[in-house]
Amino acid sequence: MNKNRPVNLDISTIKLPASALVSILHRISGVVLFAVVALLLYMLDSSLESEQGFQKVADSFSSVPAKLVLLAALAALIYHLIAGVRHLLMDAGVGESLEGGRRGAVIVLVLSVVLILLAGVLVW
4 MNKNRPVNLD
14 ISTIKLPASA
24 LVSILHRISG
34 VVLFAVVALL
44 LYMLDSSLES
54 EQGFQKVADS
64 FSSVPAKLVL
74 LAALAALIYH
84 LIAGVRHLLM
94 DAGVGESLEG
104 GRRGAVIVLV
114 LSVVLILLAG
124 VLVW
C-alpha cells in the first residue's frame, strides 16, 4: 500500500456527486420521518380522545411553528418517497449506469423540490 498518497480528511472540501447527495439526503429524510412519527401519533391520539382534544390539535395547526413542523414532515415524506422509488427502479435494473445514476439523481432533486413547493402552498 502506498503511504505517500494524499489524504483529504476535510469533508467541507469534498465535492459530492449528485447521486451521493441524493443517497445521503434519503437517509436523513428517513431519520426525520422516524422522529416525526412519534409527534404525529401523539397528535392523532389526542384528536381521537375527545372533541376538545380534536379542537386543540386543529387549533395548533394554525400556528406558524406547527405549520413548519408539518411542512418539514411532508418534505421528508415526499423526498423519501421519490428517492425510494429511484432505488427500487435501480434494483430493477433501470438507471444503473454512471450516467443513468446521475440523471436519476437530478430527476429526484428537481421533482422533490417541485412537489415540496406545492405542499408548502397547500400547508400555508
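When you line the sequence shown up against the numbering used here, it's residues 4 to 127, in that order. We put the beta carbon where it would ideally sit given N, CA and C, even for glycine. Owing to the predicted nature of the structure, the values given are computational and were not obtained by experimental measurement.
Could you spell out the range, first to last residue, of the alpha helix (DSSP H) harbouring residue i?
{"i": "residue 96", "result": "Here residue 96 belongs to no alpha helix (DSSP H), and DSSP marks it neither H nor E."}
{"i": "residue 65", "result": "Element bounds for residue 65: n/a, residue is neither H nor E."}
{"i": "residue 27", "result": "21-52"}
Residue i: buried (16+ other C-beta within 10 angstroms of its C-beta) or exposed?
{"i": "residue 61", "result": "exposed"}
{"i": "residue 89", "result": "buried"}
{"i": "residue 15", "result": "exposed"}
{"i": "residue 111", "result": "buried"}
{"i": "residue 82", "result": "buried"}
{"i": "residue 27", "result": "exposed"}
{"i": "residue 25", "result": "buried"}
{"i": "residue 85", "result": "buried"}
{"i": "residue 3", "result": "A query on residue 3 cannot be resolved here, the shown segment of the chain reaching from 4 to 127 and no further."}
{"i": "residue 79", "result": "buried"}
{"i": "residue 17", "result": "exposed"}
At least one CB of chain D closer than 8 Å to the CB of residue i: is that the case?
{"i": "residue 37", "result": "The structure shown contains no chain D, having only a single protein chain."}
Between residue i and residue j, how many whole angstroms is the CB-CB distance? I'm expecting something under 8 Å.
{"i": "residue 76", "j": "residue 39", "result": "4 Å"}
{"i": "residue 108", "j": "residue 22", "result": "4 Å"}
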